[in-house]
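Engineer: Sequence order for the protein chains is L and U.
The first sequence lines up with residues 172 to 490 when you count with this note's numbering.
The second sequence lines up with residues 172 to 490 when you count with this note's numbering.
This is the structure, below, for whatever I ask next.
2 protein chains.
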Amino acid sequence: MKLVECVPNFSEGRDKAKIERIMSVVKADSSVRLINYESDADYNRTVVTLVGEPEPMVNLILKLTEVCLKEIDLNHHTGEHARMGAVDVVPFIPISDIKMSECVALSEECAKKINELYDIPVFLYANSAKTPERESLPNIRKGEFEGMKEKIQEANWHPDFGSPSIHPTFGCVAVGARDFLIAYNIDLQTADENPAKQIAKAIRKSSGGFQYIQAGPVFLENRGHTQVTMNILNYQKNPIYRIFETVRMEARRYQVPVSGAEIIGLVPKDALIRSLRYYYSLEGIEFPEDPTLQDIVSDVKKYLLFRDFDETKIIEYFL
Amino acid sequence: MKLVECVPNFSEGRDKAKIERIMSVVKADSSVRLINYESDADYNRTVVTLVGEPEPMVNLILKLTEVCLKEIDLNHHTGEHARMGAVDVVPFIPISDIKMSECVALSEECAKKINELYDIPVFLYANSAKTPERESLPNIRKGEFEGMKEKIQEANWHPDFGSPSIHPTFGCVAVGARDFLIAYNIDLQTADENPAKQIAKAIRKSSGGFQYIQAGPVFLENRGHTQVTMNILNYQKNPIYRIFETVRMEARRYQVPVSGAEIIGLVPKDALIRSLRYYYSLEGIEFPEDPTLQDIVSDVKKYLLFRDFDETKIIEYFL
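Structure below.
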C-alpha cells in the first residue's frame, strides 16, 4: 500500500473555535489518518500531520484549502512565523512503497487542482521546484503575504500555477515533495543559552558539523531550560545516537547535564532501531530480531532519554 | 614576516642515493627551512615539507625542479601513488602574515618560471585553478604520466603555462595555493579493517559526516593494526578533540580500543590549544595563559594519545 505523509500548515493558531471548524473537515475524512495537530499561539499557526494514500490525501488537502479560504483572511493575520497563505505550505513526504518522483507528481497534481478550483496561485517548492531558487521555502516566502502582492508580479516570481497576483484574502501557497525529516530536540539542564548555541554550531551543517543536521538553540520558558533543537534530514547517515552522543560530549565541557530529548511529530521505527543497536552493541547484547513497538519505546526512554514519547509517535503504529 | 609552507612531492622514493642527491639541493639552501622529508618505497615518492619567505621559496622550488629534471625519468617510474611529473605537485600554503590571494599569486609566478626555465607544462590547481575542473588534483592527474601524453592535447586539458605536450622525461606538474590542512590518523587496536571503514564513513563529509573531514581506513602492516586516516581541512570548525571523541564513541560499538593518534607533517599550536581547552574544561581546570610547546606536547600525549610527537611538529617551533 502506497502511503504518504502530508504536513499542511495553516495560518490560525489562536482562535480555538475557528481552528476546530477547520479541523472538523479533516476529522470527518475517514480515508486519511489524522496523526496530530498542534497550534501555536505565538506563531498563530497550526501544523497538521496526516498519513494516507495518495489520492485521498490530495482530496483532503483540497477540502482543507476550501475551509481555510472561507475561514482565514490574511489581511488580519499577525504572528511570529513567516507566512504567505491561509494554507501556507503543503509538503508531501514518501512513507511506504512510494518513490520521491511519485510524490513530486502528486504535489503537482495537488497544486494544479488548488489553482483551478479556488483561483489561488501555487508555487512548487523543495523536490518539486522547477528552478533552484524555489527549492527553499523561505526564499519563496520572503516578503510574506504583504510583500508577495508585488513580488509575484516579477517575472522571476510568477507562480507555477495561476496568474501573477495573489488571492486577496488567502494569499498564495507552496506545495512540494520533500524527504522525511525527524524533528529532534535535546534538553540541556541550564537556563543559560550559550551552551545550546555553541553545541548547535558544533553539530549543524551550516557551521561545519554533520551534513544532514539543522540545529539551533532555544529557551523553553515554561520548562525553564534550554534545548538544542534540530532537524535530522537523513537518519541513515546522521543517526540519532551519534547526534545525541556528540551533544553529550560537547555539553560536558560546560558541565551541563543532558537531561532528556524529544521527537516532534513522527519518527520511523527504523531510525530508532538503528540507534538502539549502538547501545546494545556497547553492552555486547544481541539486538532482538523483531522488537515490539512497546519494547522500542521503553529502550529509547532508557538509552536516548526520550520524554513524552509513546508508540503513537512511531510511524509504523499507523501502518 | 610573511611565511609560506610548501610541500613539493617528487617521484622517487626508493633510490636512497638519488633521493639524497635531490635533497642536497634543498639542504644547501639556508634561506628556506627544511622541516622534514619522508620517502615511501611503495609509493616511490618523497614528500618534502618546507617553511620560508615567499621569494626564497619560489627560488628553491625552481632549483628542486631542475635537479629532479636531471635525476628522474618518469618513463622508468613505477609506484602505487598516482603521478604525472618528476616533481608531481607543489602546493603553497599560507602560514603567517600572508593571504591566500598572495599565495595564489606566488603559485602563478612559480608556475610561469618553471615553464619558462625548463619547458615543463604546468597546471594551476586548488585555489589557483582557473576552472572548477582543475581545483581537484586527482582530476587533473587522471591518466597519470602515461595518459597525459594524449590528454594534454585535448582543448579542455591544455596546461595553464606551456605548450600542450608533456616534457618527455619530466612529464608535467601541478602548482597551486591551498589552505593548511592537518593530516591526522587515529589508531584502532585491531587488525580488522571493518571498524576503521565504518568509522571513516561516519565522520567524513563525503558520506554525511563533518564538513571539513576527509577520512578512510588503512591497515598498517608493520604496526599490525588499522587506522582511521584523515585530513582536517578546517581545525577551527572541526577541532581535533571533536573528531577524536567521535571516533572513540563509534569505536566503542566494536569493542575496539583507540590506542593512539598521530600527526603527519605539521600542526599549528592553535589547533592543539583549542582541543586541550576541551579536556581542561571537562576537569574544570583553567587553561594556562601561555603554555610552552613542551607543556603542549605533554598534554596532547595525555589527552589526545599522540604518539611520535614532539615540538618540531608544531609550526610555531620554527617561527
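Just so it is clear, CB atoms sit at the ideal spot from N, CA and C, and this is done for glycine as well.
This one's a predicted model, so the numbers in the text were calculated from it and none came from an experiment.
Sorted by chain position, which residues of the same chain lie with C-beta nearer than 7 angstroms to L/S378's C-beta, five sequence neighbours on each side aside?
Structural biologist: Walking along the first sequence from the start, residue 378 of chain L turns up at place 207. Cβ neighbours of L/S378 beyond the five flanking positions: K372.
Engineer: If I measure Cβ to Cβ from L/S504 and keep anything under 6 angstroms in the same chain, skipping five residues before and after, which residues do I get?
Structural biologist: Lying outside 172 to 490, the shown extent of chain L, residue 504 of chain L is not represented and no answer is given.
Engineer: Would you be able to state if there are at least three C-beta pairs under 8 angstroms between the stretch 211 to 226 of chain U and the stretch 234 to 250 of chain U?
Structural biologist: Counting Cβ pairs under 8 angstroms, three or more are found: they touch.
Engineer: U/V293 to U/A257, Cα distance in whole Å?
Structural biologist: Taking the second sequence and counting its residues from 1, the one referred to as residue 293 of chain U is at position 122. Taking the second sequence and counting its residues from 1, the one referred to as residue 257 of chain U is at position 86. U/V293 and U/A257: Cα-Cα distance of roughly 12 angstroms.
Engineer: If you drop the 5 nearest sequence neighbours on each side, which residues of the same chain put their C-beta closer than 6 angstroms to that of L/V471?
Structural biologist: On the first sequence, residue 471 of chain L is found 300 positions in, with the first residue counted as 1. Cβ neighbours of L/V471 beyond the five flanking positions: L443, F477.
Engineer: When the Cα atoms are used, what is the spatial distance from U/K187 to U/K322?
Structural biologist: Walking along the second sequence from the start, residue 187 of chain U turns up at place 16. Walking along the second sequence from the start, residue 322 of chain U turns up at place 151. Distance between the alpha carbons of U/K187 and U/K322 is about 32 angstroms.
Engineer: When DSSP builds the beta bridges, which residues end up paired with U/C177?
Structural biologist: Mapped onto the second sequence, residue 177 of chain U falls at position 6. Its beta-bridge partners are U/L221, U/F263.
Engineer: Spatial neighbours of L/A282 within its chain, please: CB distance less than 7 angstroms, with the 5 preceding and 5 following residues excluded, ordered by chain position.
Structural biologist: Taking the first residue of the first sequence as position 1, residue 282 of chain L is located at position 111. Cβ within range, chain order: V293, L295, D331, F332, V346.
Engineer: Does any CB atom of chain L fall closer than 9 angstroms to the CB of U/S446?
Structural biologist: One-based indexing of the second sequence puts residue 446 of chain U at position 275. Chain L, which has no Cβ nearer than 9 angstroms to the Cβ of U/S446, makes this no.
Engineer: Count the other CB atoms, across all protein chains shown, that sit within 10 Å of the CB of U/A304; report buried if there are 16 or more and exposed otherwise.
Structural biologist: Start at 1 with the first residue of the second sequence, and residue 304 of chain U comes out as number 133. Before going further, note that residue 304 of chain U is Glu rather than Ala in the sequence given. So U/E304 ends up on the exposed side.
Engineer: Would you say L/M420 reaches chain U, if we count a Cβ-Cβ gap shorter than 9 angstroms as a contact?
Structural biologist: What you label residue 420 of chain L is simply residue 249 of the first sequence in a count that begins at 1. It does; some Cβ of chain U falls within 9 angstroms.
Engineer: Taking Cβ-Cβ distances shorter than 9 angstroms, what residues in chain U pair up with L/T417?
Structural biologist: Taking the first sequence and counting its residues from 1, the one referred to as residue 417 of chain L is at position 246. Result: R413, E416, T417, M420.
Engineer: Under DSSP, the beta strand (DSSP E) around L/Q398 begins and ends at which residues?
Structural biologist: Here the question's residue 398 of chain L lines up with position 227 in the first sequence. Here the beta strand (DSSP E) through L/Q398 covers 396 to 403.
Engineer: If the cut is a Cβ gap below 7 angstroms, which residues of chain L does U/G380 touch?
Structural biologist: Within the second sequence, numbered from 1, the residue matching residue 380 of chain U stands at position 209. Ordered by position in chain L, the residues that pass the 7 angstroms Cβ test against U/G380 are F381, Q382.
Engineer: Can you tell me where the alpha helix (DSSP H) holding U/L476 begins and where it ends?
Structural biologist: On the second sequence, residue 476 of chain U is found 305 positions in, with the first residue counted as 1. Note, U/L476: premise wrong, no alpha helix (DSSP H); not H, not E.
Engineer: Starting from the beta carbon of L/Y406, find every residue of chain U whose beta carbon is closer than 7 angstroms, and list them in chain order.
Structural biologist: For the purposes of this step, residue 406 of chain L is taken as the residue at position 235 of the first sequence. Near L/Y406 there are no residues of chain U at all, since even the closest Cβ is about 10 angstroms away, more than 7 angstroms.
Engineer: Quick one: complete alpha helix (DSSP H) runs, 4+ long, within the stretch 223 to 310 of chain L?
Structural biologist: DSSP runs (the alpha helix (DSSP H)) wholly in the stretch 223 to 310 of chain L: 225 to 242, 271 to 289.
Engineer: When you compare the CB of L/Q465 with every CB in chain U, is at least one pair closer than 9 angstroms?
Structural biologist: By one-based count along the first sequence, residue 465 of chain L stands at place 294. False, the Cβ-Cβ gap to chain U never drops below 9 angstroms.
Engineer: Applying the 10 Å Cβ sphere with the 16-neighbour rule, what's the burial state of U/L288?
Structural biologist: The count along the second sequence starts at 1 and reaches residue 288 of chain U at position 117. Looking at its Cβ environment, which holds fewer than 16 other Cβ atoms inside 10 Å, U/L288 is exposed.
Engineer: L/K473 versus chain U: which residues are under 7 angstroms apart at the beta carbon?
Structural biologist: Numbered from 1 along the first sequence, position 302 holds the residue referred to as residue 473 of chain L. Here the premise fails: no neighbours, minimum Cβ distance about 17 angstroms.
Engineer: What does L/L174 reach in chain U if we use C-beta pairs closer than 9 angstroms?
Structural biologist: Translated into the one-based positions of the first sequence, residue 174 of chain L becomes position 3. Residues of chain U passing the Cβ test: none, with the nearest at roughly 26 angstroms.
Engineer: Going by C-alpha distance, which of U/K234, U/E487, U/N402 is nearest U/K440?
Structural biologist: Locating residue 440 of chain U in the second sequence gives position 269, where the first residue counts as 1. Residue U/E487 is the option with its Cα nearest to U/K440.
Engineer: Distance cutoff 9 angstroms, beta carbons only. Does L/G387 sit that close to anything in chain U?
Structural biologist: Within the first sequence, numbered from 1, the residue matching residue 387 of chain L stands at position 216. By this cut-off, L/G387 is not an interface position.
Engineer: Who are the near neighbours of U/I485 in its chain, counting only those whose CB is closer than 8 angstroms to its CB and skipping five residues on each side?
Structural biologist: Stepping through the second sequence from its first residue, residue 485 of chain U is reached at position 314. Taken in chain order, the residues that qualify are L437, V438, P439, K440, L443, L464, I467, V468.
Engineer: Quick one: what does DSSP say L/N356 is sitting in, helix, strand or coil?
Structural biologist: Mapped onto the first sequence, residue 356 of chain L falls at position 185. DSSP places L/N356 in strand when its eight states are reduced to three.
Engineer: Let's test the definition: count the other Cβ atoms within 10 Å of the Cβ of L/Q426 and tell me whether it reaches 16, buried, or not, exposed.
Structural biologist: What you label residue 426 of chain L is simply residue 255 of the first sequence in a count that begins at 1. That one is exposed.
Engineer: Since L/F181 contacts L/C239 with CB under 8 angstroms, what's their CB separation in whole angstroms?
Structural biologist: Counted from its first residue, the first sequence places residue 181 of chain L at position 10. Counted from its first residue, the first sequence places residue 239 of chain L at position 68. About 5 angstroms; that satisfies the 8 angstroms criterion.
Engineer: From what residue to what residue does the beta strand (DSSP E) around U/I414 run?
Structural biologist: As a position in the second sequence, residue 414 of chain U is number 243, starting the count at 1. No beta strand (DSSP E) holds U/I414; the alpha helix (DSSP H) holding it covers 411 to 422.
Engineer: Count the other CB atoms, across all protein chains shown, that sit within 10 Å of the CB of U/D259; report buried if there are 16 or more and exposed otherwise.
Structural biologist: In the second sequence, residue 259 of chain U corresponds to position 88, counting from 1. Buried: at least 16 other Cβ atoms inside 10 Å.
Engineer: Under 9 angstroms, Cβ to Cβ, is there at least one residue of chain U near L/N409?
Structural biologist: Residue 409 of chain L sits at position 238 when you count from the first residue of the first sequence. Yes, its Cβ sits closer than 9 angstroms to a Cβ of chain U.
Engineer: Can you give the beta carbon distance from L/A297 to L/R349, rounded, assuming they're within the 8 angstroms contact cut?
Structural biologist: One-based indexing of the first sequence puts residue 297 of chain L at position 126. One-based indexing of the first sequence puts residue 349 of chain L at position 178. 4 angstroms between Cβ atoms; contact.
Engineer: Just to make sure I have the definition right: I need the residues of chain L whose C-beta is within less than 9 angstroms of the C-beta of U/Q426. Which are they?
Structural biologist: Within the second sequence, the letter at position 255 stands for residue 426 of chain U. Ordered by position in chain L, the residues that pass the 9 angstroms Cβ test against U/Q426 are S452, L453, G455.
Engineer: Just to confirm my understanding: we take L/K284, look at its own chain, exclude 5 residues before and 5 after, and list those with CB closer than 8 angstroms. What are they?
Structural biologist: Position 113 of the first sequence holds residue 284 of chain L. Counting only Cβ-Cβ distances below 8 angstroms, and skipping sequence neighbours, we find V229, L233.
Engineer: Measuring CA to CA, which of L/L308, L/P309, L/S334 is closest to L/K320?
Structural biologist: On the first sequence, position 149 is the one that residue 320 of chain L refers to. Out of L/L308, L/P309, L/S334, L/S334 has the C-alpha closest to the C-alpha of L/K320.
Engineer: Find the nearest neighbour of L/A432 within the set L/E191, L/N393, L/I291, L/F480, judged by alpha-carbon distance.
Structural biologist: Locating residue 432 of chain L in the first sequence gives position 261, where the first residue counts as 1. The option with the nearest alpha carbon to L/A432 is L/F480.
Engineer: Pick from U/S210, U/V222, U/Y208: whose alpha carbon is nearest that of U/S201?
Structural biologist: Residue 201 of chain U sits at position 30 when you count from the first residue of the second sequence. Ranking the options by Cα distance to U/S201, first place goes to U/V222.
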